[in-house]
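Each remark here refers to the structure printed beneath this line.
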Amino acid sequence: MHQMKETKKHGIAIESFKYAIASYIAKYAVAMNGIDYIIFTGGIGENQINIRKGICQKLSFMGVELDEEANQVRSEEKVISKPSSKIKIYVLPTNEELMIAKETQRIIFG
45 MHQMKETKKH
55 GIAIESFKYA
65 IASYIAKYAV
75 AMNGIDYIIF
85 TGGIGENQIN
95 IRKGICQKLS
105 FMGVELDEEA
115 NQVRSEEKVI
125 SKPSSKIKIY
135 VLPTNEELMI
145 AKETQRIIFG
């Protein structure tokens, strides 16, 4: 029983996370008078297929159309929107460790 409660909490947390991200994207779209691209990057953005799908579903009112087959990708640069999508969706891998090392080097050596 305890594990079932934890699973339910986990599901609620994931749904809240997807809602929050979709809300931020929508708010920025309003602030910028529209957007051309949504780019998923970093650990979650690069690797969490269902998170990307859930966020895009919440943004369908903006003309976001996810290609579910193309979305079956992890840590690979790829367009994952349908050709008909009003906003293009990308997965873009990052190398966070390299960026941290470069910034550290810049700070230390000027």
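Per this note's numbering, the very first residue in the sequence shown carries number 45; after that it's consecutive. Think of the CB as a built atom: it goes at the ideal place given N, C-alpha and C, for glycine as much as any other residue. These figures come from a predicted structure and were not determined experimentally.
Nearest Cα to Glu112 within the set Met143, Asn94 and Phe105: Asn94. Counting only residues of its own chain and dropping the five nearest sequence neighbours on each side, Lys97 has a CB closer than 8 angstroms to the CB of Leu110, Glu112 and Asn115.
Around the beta carbon of Gly78, fewer than 16 other beta carbons sit within 10 angstroms, so the residue counts as exposed. Collapsing the DSSP output to three states places Ser60 in a helix.
Taking each of Ile131, Leu136 and Ile82 in turn and checking the Cα distance to Lys122, the smallest one comes out for Leu136. Under DSSP, Phe84 takes part in a beta bridge, and its partners are Val135.
The C-beta distance from Ala145 to Ile99 rounds to 30 angstroms, too long to fall under 8 angstroms, and the pair is not in contact. Here Leu110 carries a strand assignment [DSSP, helix/strand/coil].
DSSP places Glu147 in the uninterrupted alpha helix (DSSP H) bounded by Glu140 to Phe153. In this structure Tyr134 is in contact with Tyr81, their Cβ atoms being roughly 6 angstroms apart against a cut-off of 8 angstroms. Across the structure, Ser129 and Gly107 are spaced so that their CA atoms are roughly 6 angstroms apart.
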